[in-house]
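Below: the structure, in structure tokens.
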Amino acid sequence: MPSRKKTTMFASAFLTSLCSFVLICVVLATQHWMSSEVCLSSTESKATVSLTYGLFSGTCKQSVSAGIEVSESTFQVADILRSTTAKSTITAIIVILVLSLLTSLLSSGFTCTNAVSNPYQTFLGPIGVYTWNSLCGILTLIAMILFPVNIEEHSLSVELARGCFPFLQEHISSAHTYGYSYWIMLLIILLNIASIVIIYFYDHARYSKKKQQERPIENAPKDVILF
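Residue numbers for the sequence shown, in mature numbering (1 follows the signal peptide of the UniProt record, and there is no 0): -29 to -1, 1 to 198.
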């Protein structure tokens, strides 16, 4: 059976890993990644399209120049997005977050196993926890970087607005606000760092104790050594 200290430390890391897993599920499930105001025009009219969307779906509203709401509808991102580059980037973000979800699940499994037992395999111990939490944090960070790139470089919001209202094609201006679904990923990264720090302190303390036990002669009194 593991010591009380080991159980406490790994149980704490298990909770942070489990929270990370739950939050990744929330990020994938909620559709509040971005809110955009896109001003478009055609030869006959000009309107502002308000978008709120995530990786899979969203809502769009069209307002005329006087601020009167004309129509509101929901959409599926994959159905109305015509830009191949923007669609590929969205797909890549989803795949990366699914991989992040799996690594977070593995981290939860490893920390739970160490909290209740002493695994014989080295990789099932702190090394495995470091590996899976590092991968989860890195993958989440990549997703955080790719999404703004899709907004700024691939004009994701503009393409979605055009898909919602095909008769409005000329882009005039746009403003973007990142939603809570996006910022939750920052919390996920912090939770992964917390898991690594917790296990590092445990591993460091265990290593220091082991070193002290391997060198008892250095800590013995001089008269005992002479004897």
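No residue lacks a Cβ here, since even glycine has one placed at the ideal position from N, Cα and C.
All figures in this text were calculated on a predicted structure; none of them were measured in a lab.
Identity of the residue in Leu26, Gln33 and Gly29 nearest Thr19 by Cα: Indexing the sequence shown from 1 puts residue 19 at position 48. For Thr19, the nearest C-alpha among the options comes from Gln33.
Is the beta carbon of Cys(-5) less than 9 Å from the beta carbon of Leu77? Numbered from its first residue, the sequence shown carries residue -5 at position 25. Numbered from its first residue, the sequence shown carries residue 77 at position 106. Leu77 sits away from Cys(-5), with the two beta carbons spaced by 9 Å or more.
Among Ser16, Asn89, Phe81 and Pro90, which one has its Cα closest to the Cα of Asn104? Along the sequence shown, read from residue 1 onward, the residue named residue 104 stands at position 133. Of the candidates Ser16, Asn89, Phe81 and Pro90, the residue whose Cα lies closest to the Cα of Asn104 is Phe81.
Would you check if the stretch 124 to 144 and the stretch 159 to 176 touch, i.e. whether three or more CB-CB distances between them fall below 8 Å? Cβ pair count under 8 Å is below three, so no.
In terms of residue numbering, what span does the alpha helix (DSSP H) encompassing Glu123 cover? Numbered from its first residue, the sequence shown carries residue 123 at position 152. For Glu123, the enclosing alpha helix (DSSP H) covers residues Pro97 to Glu123.
What is the DSSP secondary structure of Ser(-27), counted as helix, strand or coil? Along the sequence shown, read from residue 1 onward, the residue named residue -27 stands at position 3. In this structure, Ser(-27) counts as coil in the three-state DSSP scheme.
Check for me: the alpha helix (DSSP H) holding Glu15 runs from which residue to which? Along the sequence shown, one-based indexing puts residue 15 at 44. First-last for Glu15: undefined, no H or E at that position.
Kindly indicate which residue of Asn89, Phe118, Arg(-26) and Ile109 has the alpha-carbon position closest to the one of Ala63. Taking the sequence shown and counting its residues from 1, one reaches residue 63 at position 92. It is Phe118.
Within this structure, are the beta carbons of Phe(-16) and Cys107 separated by less than 9 Å? Taking the sequence shown and counting its residues from 1, one reaches residue -16 at position 14. Taking the sequence shown and counting its residues from 1, one reaches residue 107 at position 136. The Cβ-Cβ distance between Phe(-16) and Cys107 does not fall below 9 Å.
What are the start and end residues of each continuous beta strand (DSSP E) run of 3 or more residues lying completely inside the stretch 29 to 69, in chain order? Here the runs fully enclosed are 40 to 47.
With DSSP as the reference, label Ser88 as helix, strand or coil. Within the sequence shown, numbered from 1, the residue matching residue 88 stands at position 117. Ser88 falls in the coil class under three-state DSSP.
Thr111 and Ile160 - do their beta-carbons sit closer together than 9 Å? As a position in the sequence shown, residue 160 is number 189, starting the count at 1. As a position in the sequence shown, residue 111 is number 140, starting the count at 1. For Ile160 and Thr111, yes; Cβs fall inside 9 Å.
Hey, how far is the Cα of Leu68 from the Cα of Arg(-26)? As a working mapping, residue 68 is identified with position 97 in the sequence shown. As a working mapping, residue -26 is identified with position 4 in the sequence shown. Distance between the alpha carbons of Leu68 and Arg(-26): 34 Å.
Suppose contacts are defined by Cβ-Cβ distances below 9 Å. Is Leu22 in contact with Glu8 by that definition? By one-based count along the sequence shown, residue 22 stands at place 51. By one-based count along the sequence shown, residue 8 stands at place 37. Yes, these two residues count as a Cβ contact at 9 Å.
Assuming contact is defined by CB atoms lying nearer than 9 Å, are Cys(-11) and His142 in contact in what I supplied? Taking the first residue of the sequence shown as 1, we reach residue -11 at position 19. Taking the first residue of the sequence shown as 1, we reach residue 142 at position 171. Judged by their CB atoms, Cys(-11) and His142 are not nearer to each other than the 9 Å cut-off.
Could you pull out every residue in the same chain whose Cβ sits closer than 7 Å to the Cβ of residue 244, ignoring the five residues on either side in sequence? Nothing in the structure corresponds to residue 244, since the chain is present only between -29 and 198.
So, helix, strand or coil for Leu22, using DSSP? Mapped onto the sequence shown, residue 22 falls at position 51. Reduced to three states, the DSSP call for Leu22 is strand.
How would you label Ala(-1), buried or exposed, when you count the other beta carbons within 10 angstroms and need 16 or more for buried? Position 29 of the sequence shown, counting from 1, holds the residue named residue -1. Around the CB of Ala(-1), fewer than 16 other CB atoms lie within 10 Å, so the residue is classed as exposed.
Go through its chain and collect everything with a Cβ distance to Ala57's Cβ below 8 Å, but skip five positions before and after it. Residue mapping note: residue 57 aligns to position 86 of the sequence shown, counting from 1. Answer for Ala57: Asn121, His125, Ser126, Leu127 and Glu130, listed in chain order.
Considering Ser128, what are the terminal residues of the alpha helix (DSSP H) in which it resides? By one-based count along the sequence shown, residue 128 stands at place 157. Annotation: the continuous alpha helix (DSSP H) that includes Ser128 extends over Leu127 to Cys135.
Give every residue of the same chain whose Cβ lies closer than 7 Å to the Cβ of His3, excluding the five residues on either side of it in the sequence, and list them in chain order. Within the sequence shown, numbered from 1, the residue matching residue 3 stands at position 32. Exclusion of the five residues before and after His3 leaves Thr23, Gly25, Gly150, Tyr151 and Ser152 as the residues of its chain whose Cβ lies within less than 7 Å of its Cβ.
Looking at the strands, I want to know which residues DSSP matches up with Met5. Translated into positions along the sequence shown, residue 5 becomes position 34. According to DSSP, Met5 bridges with Tyr24 and Tyr149.
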